[in-house]
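Worksheet: one structure, shown below.
Protein chains: 4
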Amino acid sequence: MRNPYLLLIFTLIGLPLTAQLSSEETTVVEGIDRRAEAYFGVAKQIWDFAEVGYQEQRSSALLQELLEGEGFTVEAGVADIPTAFTATYGSGGPVIGVLGEFDALPGITQTASPDREERIDVNAGHACGHHLFGTGSAAAAIAVKNWLQENELEGTIRFYGTPAEEGGAGKVYMVRAGLFDDVDAVIHWHPSDGNSADAASSLSNKSAKFRFYGISAHAAAAPQNGRSALDGVEAMNHMVNMLREHVEMESRIHYVITRGGEAPNVIPDFAEVFYYVRHPEMALVDANFERVVKCAEGAALGTGTTMDYEVIHGAYNLLPNVTLGEVMHENLRQIGGVEYDAEEQAFAEGIAATFENAGEADLSTAAVVEPFQVIRKGSGGSTDVGDVSWAVPTVGLRTATWVPGTSAHSWQAIAAGGTSIGKKGMVVAAKTMALTAMDLFRQPELLERARAELNEQRGTDFVYKALLGDREPPLDYRN
Amino acid sequence: MRNPYLLLIFTLIGLPLTAQLSSEETTVVEGIDRRAEAYFGVAKQIWDFAEVGYQEQRSSALLQELLEGEGFTVEAGVADIPTAFTATYGSGGPVIGVLGEFDALPGITQTASPDREERIDVNAGHACGHHLFGTGSAAAAIAVKNWLQENELEGTIRFYGTPAEEGGAGKVYMVRAGLFDDVDAVIHWHPSDGNSADAASSLSNKSAKFRFYGISAHAAAAPQNGRSALDGVEAMNHMVNMLREHVEMESRIHYVITRGGEAPNVIPDFAEVFYYVRHPEMALVDANFERVVKCAEGAALGTGTTMDYEVIHGAYNLLPNVTLGEVMHENLRQIGGVEYDAEEQAFAEGIAATFENAGEADLSTAAVVEPFQVIRKGSGGSTDVGDVSWAVPTVGLRTATWVPGTSAHSWQAIAAGGTSIGKKGMVVAAKTMALTAMDLFRQPELLERARAELNEQRGTDFVYKALLGDREPPLDYRN
Amino acid sequence: MRNPYLLLIFTLIGLPLTAQLSSEETTVVEGIDRRAEAYFGVAKQIWDFAEVGYQEQRSSALLQELLEGEGFTVEAGVADIPTAFTATYGSGGPVIGVLGEFDALPGITQTASPDREERIDVNAGHACGHHLFGTGSAAAAIAVKNWLQENELEGTIRFYGTPAEEGGAGKVYMVRAGLFDDVDAVIHWHPSDGNSADAASSLSNKSAKFRFYGISAHAAAAPQNGRSALDGVEAMNHMVNMLREHVEMESRIHYVITRGGEAPNVIPDFAEVFYYVRHPEMALVDANFERVVKCAEGAALGTGTTMDYEVIHGAYNLLPNVTLGEVMHENLRQIGGVEYDAEEQAFAEGIAATFENAGEADLSTAAVVEPFQVIRKGSGGSTDVGDVSWAVPTVGLRTATWVPGTSAHSWQAIAAGGTSIGKKGMVVAAKTMALTAMDLFRQPELLERARAELNEQRGTDFVYKALLGDREPPLDYRN
Amino acid sequence: MRNPYLLLIFTLIGLPLTAQLSSEETTVVEGIDRRAEAYFGVAKQIWDFAEVGYQEQRSSALLQELLEGEGFTVEAGVADIPTAFTATYGSGGPVIGVLGEFDALPGITQTASPDREERIDVNAGHACGHHLFGTGSAAAAIAVKNWLQENELEGTIRFYGTPAEEGGAGKVYMVRAGLFDDVDAVIHWHPSDGNSADAASSLSNKSAKFRFYGISAHAAAAPQNGRSALDGVEAMNHMVNMLREHVEMESRIHYVITRGGEAPNVIPDFAEVFYYVRHPEMALVDANFERVVKCAEGAALGTGTTMDYEVIHGAYNLLPNVTLGEVMHENLRQIGGVEYDAEEQAFAEGIAATFENAGEADLSTAAVVEPFQVIRKGSGGSTDVGDVSWAVPTVGLRTATWVPGTSAHSWQAIAAGGTSIGKKGMVVAAKTMALTAMDLFRQPELLERARAELNEQRGTDFVYKALLGDREPPLDYRN
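Here it is, written out as structure tokens:
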């Protein structure tokens, strides 16, 4: 039943295998299996909705309904965000939170086919698998609730319905609103093309739209009367490109010009450029962001334009918690990865054939659990889980909901997420999170150690201050 | 025939009009007056349609219907442009052409109110007065036709329905197709805020969209794998801005960035910049355009991207014909400017109150005809009449269809063009053009002199070659 | 004796030839001829010295000695410039000034050979012919002095020894110091490759060195600690290049980077760029200069550097005085151009053979006097005579001291200026200026009209304010 | 006697302490001590000469003389470099090489004073301590020679006199010429502010001067005729600054503009920019360099200029050899660091007081030997020892010839290098290198292991190809 690779990995990394699940654990795991189809039904509805950030009304309502039906107390519209909610069960400590996302990505659609086939009813898609994320986390929360209930245990399990992860930074507003203040540990996961529970960081990120205002004039008849807002944007970009030499080398700064003038014969009186500033450490993100602002100010001064900017989002780097990570990893090892049946294997091969380097993907890795790693210097992407991880000891995993070799944000991710491959990966995640929560409820000393580890990592004079400042949630950022 | 010094005297001391119109001329002028309301009804319909370039189906059809009803032979869909047409009456020479435009401008709307009031049914408007242009020219053609008919004169009058003047260069395709090859002189006019018939040039212009193609990559995870198309655009622009020092000082080059990337976290694999290159002389436009292309090629080479470009439009500078200009000016003097009644005066004062420098406009200038000038070095804008003027001796005038102080392409222009002020200006233009055409029919030596002047200006080895090359009409450029 | 071309020109421009010089005039002209060799000896010494701006100790002393020997009262070291001086003769009004320059250009040397042959004793040369300028003007002043003296006339003739015309703006400091306050008219000339006395303007100009200060750091080990002063310079230049679109089209802005860092492995903590800002009107120069300063300020702000700038020089556009210009032109017509003997012709042909477009130069034009023109919009170069011309009615001419086709600042100019061709051109200038001064002394109404013309051109609220502000003369700018 | 910290460090890294030197080793060490003053006399002469790269005639001759006097066979002018030489003693294998540098840095001078005091006789200085480097290495070679001679051992010791390390890449030409082909191991050291013998890499580096050629023109009179070479440089730099986003993040690219035009009123027809391109891996340096070349080519194409470039120098990253590094470290531990007497302590305190962060330097670290580290990814600087290390197993150390806290290339380094502090550091290096060479002569299996390690690191298909290509040594690069 268990993946034979697991043993090998175990041998390699030299940890004792506690292969036997307890009776309580078996009950929890089997309970999830029993309701797997129903949960996937929910996920598939959210996949169908494909609602983008802060517009996830139906997706959020569906998950609220599911949890309320299970006896959770739902608080909706938290943190001034209509689609954000908490669903709480139990009383007293410890308090364990589970994160659930459900927003789709705009501009990319796909059916559940292994061939490229766009949906015609919607121009968005779950290319990051958040329909599985939200539903799988709800499944874990419900499983834990059932266990607490059946065993009449003290403690609180709380599901966080967290909107707009993709560029909307929903969780940051929820952290800022104090919604995590009474929580002892937070559990989350993410769809992926493999299975792992690393204690890994991410890049901190702060974004803003810089808007330049000039003076319009006929570009041929009287350009001397005009001040080009686009000149402002280009001067800013020029200075930022020079700035790249003068920031720590792990810094990442990137931009697109979102408004570059209307017609060539009119000097643009408005132009806009959208920046991301990232670094493994949030302190440096803030410092570098200030320097980018100076580039914008200098550009406005030099081009005779004016400038303002709106911070769009901001996220801390993820603070890995090794204490919790080891627990999560051990449970993932117990549960194992995703094994394909013949139909899934055929689907996976179909998807793999569409990869740029077709034939190089090793599909068997979907069944493998990767060795545990601690990665303190983040790279690649960013996530608003970062802010949560600085507030509460936080632990996550990723499971193979996608065919190995699949990139996040690809049509191949949408496709697999709509099939039983997505379902299986979601079930692995739900089980692993439920077992991990049970470990934490039963071993308060783990929570103490995890908290101590967090305190040490944060430093003694840490005070939380959202990178995005005091701005309101940009509820219309996807309009 | 006419005293050339009269002009001077008139303008200098502002004496009332002394010259007597001939009986035939009086008939023509009165005929236009009699049908003024009907013509304005046609113009107002086109104003209502507010159809943008190459999409003027209803406007074109309406004018075709009007002319066909008057006995003109209509040829529609000429030069591979569905909305382009010719309407011809008569036989033998001379052949006199009259140009008529009818395209609206996108993105600007206004009712016929002196206060800012957007129409809600359409997001376009006749901010350049082409509804008056097309109808007024048709009125002139019909008047000339009636005169030819009544007097059983030999000669041909031909109306050119010329679409998409605003950035679509419709006339260039019509010149390229040889539609003006048998014409002896071309007459046109343009709505304005004053009355004049200068022999004035315009800027030659050539435009193109430069498209850069890069390689997409995650901007934080693997920017080294990406090649930014936006880098290509910015490198091109940088070199063009340096190029400004090294072109003749009357050159004008301007651009907007029409596509600047999709999302900051993705290295843009596509970006686009839209350029206009202008100069008083078309030969230098072509030379400077080639240097702009070099900037684009160098940018692609240096940024590891690829580039192509599409010429969007191109127009020669207007070649003033002094022979014809003097005739036109004299007729304009005979007809005189636009005098407001009380209601119009109130409207004009209302409009003038909305000007940036409110109170500075001298409304009485609507009634004044400006002195004749010859301006060989163009400035300001460009027009596709330029290409016509290198093919055929061409002469134009402008009349006060707008309140003095009104800028072209403003909502104030739309507003006035929807009122009797617009009608009066249109009537002045129709009368002046009709009288001018009559002069040319009656005095073939004028046509000979005009042709000789054209030949001298063009030079002996002139061969027409459209600046926009052999491209097809961009029938979808307003989509 | 007279150049036959003169007659032709005369015929063309239709003026009566007053061919006969008066006896007094003949005396003056012959006096200059008699001393021509001696004067050229002085000029040749200055040519040999080849002293650059503000370092013309020997050149200045030589001219002072010459004038003092003739009875002029010399005041040396005026306007806080060691090599500036005035030399005055006579008493009472009118007061006529004559300008004399004597600085050489650095970095270019040549012997008096028609073949390229560098001098080895000095790395500078009179490529702008100022050795002739200073000496020829002194010759004119002495001739006028003799005439005043012999005829016991009232009036004052004053020679101005004006250093550092080439980028040092010597005359501006002399104007600023009030040295021209009591003068009724100023006469000057300039070496050239032809003969003319146009009432022509020049470009106004203001220059400055912009200095950026950064923070040095090892460019490979710790670039994040550095702030590149060169980044500041490049950001400024970028914004100035964009600014070119947004200034009046006759504006000229140009720069060189005079310090661009020391070694690639060190982030530059200092960099410098040297700008000229020009326009036909000094008011716009000042306005555009302020915008260039804004580019520099913006660049410093955006690149984390600091910036200051030093205005190096500044000159008004020359204000043409038509009243005086017509007098000067008439006298130049009387005197005629430069005719070559066989040896000079051979030399000229040798020089012409070195031109890029060899064979195209028409050497006979050295003998021609060009028709009179009034050119109010300056183009080409700038001169510190500009400031003088806004203080006093000023008139100049140019004579063919160089072989036709020679560019100013070329080795060919140095070569010809060291031969009898230079001498002949200088003599033409001296005679023409002397005759013009005599006309002014004898016809005070000319001075009145010239002053009235100046007042009208300046406008009523004109107050002189040097473009270079209150800076001290940059006595070390050539170090 | 030994630094008590050493024991601590030893304990930490868990190696056996072989505290007793053998009798042969004691003889060698004492021999170096006995001649320390004489060696420092040689070093001080080279310090006085302060000869820059490829101009080290007297410095090279002095070292040749020293070694020849000791019985070495000198071959001078090797690799087509007048100041490069080898000095060989012994016969048969193994062959051990010792590197000796002796070039000074231009533009920085200082006396041996702890206060800033420039020398007035020379504008260069040993701010990188190469006078100690060359002499200390010679001292080690002589000590080994004496030991071989006294014990009649087989084997060859060879000193390499390697000029122009600072930007001249002298050793690269010597590697390219095959001068290291028969060598079994190479030993080197470098002056520093501490003592260590890490197996550490450096950055690979390739540099070039990019020269742009335009067309000169008067910048005000006819800029349209000019093509600015400086535009080419700035366009190139702009594209390189954008390129920074698209290279591996450890890449370093830096430049200075070495020629930026002559005078603002002349469009520059020549401009030059000097680039360094670095990365921890030489393969990526080569790849990135090609992309920088593309930026230059694109800039030339876009600005209408032409471009060529001259590779100035190039160095591989240092390939650490752990086998040899452990041997060197163990010997350094035996010898110990530098202990100050009272006078030296006072001097050191004086120097430390001039540091930017005065008071933070811990002077006691001069006596400490740092723990052994293996650093495979280079950072900071580059050295032409890199190429040697890919040809022969190579090992180095650094010793505290400078006051702790001193930066290389600072005046403080020159100062300390001229005092007994420099002498003591040099003696530590000479002893450590001599003991290491003795180990290698006596334990051929170390050489075998070192060679095997090198082969593995290089890979099987490694073929040496100098980054600087086939260019000749730039013997005049310091002119």
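Protein chains in written order, with the numbering used here: chain C, 1 to 479; chain Y, 1001 to 1479; chain E, 2001 to 2479; chain V, 3001 to 3479. All C-beta atoms in this analysis are idealised placements derived from N, C-alpha and C, irrespective of residue type, glycine included. This one's a predicted model, so the numbers in the text were calculated from it and none came from an experiment.
Alpha carbon to alpha carbon, what distance is there between residue j and residue i?
i: V/R3398; j: V/A3430; result: 11 Å
i: V/A3466; j: V/A3164; result: 16 Å
i: V/L3454; j: V/N3205; result: 20 Å
i: V/E3445; j: V/G3093; result: 13 Å
i: Y/L1475; j: V/G3380; result: 59 Å
i: E/L2435; j: E/N2331; result: 6 Å
i: C/P268; j: C/R227; result: 8 Å
i: E/M2282; j: E/S2207; result: 13 Å
i: Y/Q1020; j: Y/P1320; result: 28 Å
i: Y/D1121; j: C/Y213; result: 30 Å
i: V/G3136; j: V/V3186; result: 15 Å
i: V/A3076; j: V/E3150; result: 27 Å
i: Y/D1103; j: Y/V1327; result: 28 Å
i: V/N3003; j: V/F3085; result: For V/N3003, the pLDDT reaches just 39, beneath the cut-off of 50, and the residue's location in the model is therefore unreliable, although a value from the coordinates is still provided. Between V/N3003 and V/F3085, the C-alpha separation is close to 38 Å.
i: Y/W1411; j: E/N2237; result: 38 Å
i: V/R3471; j: V/I3312; result: 9 Å
With which residues is residue i paired in a DSSP beta bridge?
i: V/H3218; result: V/V3266
i: Y/I1375; result: Y/A1200
i: V/D3308; result: V/R3211
i: V/I3253; result: V/V3277
What do you reckon, is the C-beta of residue i under 7 Å from a heavy atom of the ligand GDP?
i: V/G3381; result: No copy of the ligand GDP appears in this structure; indeed no ligand is present at all.
The alpha helix (DSSP H) with residue i in it runs from where to where?
i: E/F2133; result: H2130 to E2150
i: E/D2048; result: A2036 to F2049
i: C/G298; result: M282 to T303
Along the beta strand (DSSP E) that carries residue i, what are the first and last residues, could you check?
i: Y/N1526; result: Here chain Y comprises residues numbered 1001 to 1479, so residue 1526 of chain Y is not present and cannot be evaluated.
i: C/M236; result: First-last for C/M236: A229 to L243, but that is the alpha helix (DSSP H), not the beta strand (DSSP E).
Would you grab the beta carbon distance between residue i and residue j for me? Rounded to a whole angstrom, and I think it's under 8 Å.
i: C/G100; j: C/G161; result: 6 Å
- Item | Chain-ordered residues of the stretch 1249-1269 of chain Y with a beta carbon less than 9 Å from chain E | M1249, E1250, S1251, R1252, I1253 and H1254
- Could you run through the stretch 2274-2294 of chain E and flag, in chain order, every residue whose CB is less than 9 Å away from some CB of chain V? F2274, Y2275, Y2276 and R2278
- Task: Select from the stretch 297-322 of chain C all residues with a C-beta closer than 7 Å to any C-beta belonging to chain Y, and list them in chain order.
- Result: none
- Query: Given a limit of 8 Å on CB to CB distance, which residues of the stretch 1222-1241 of chain Y reach chain E?
  - Reply: H1238 and N1241
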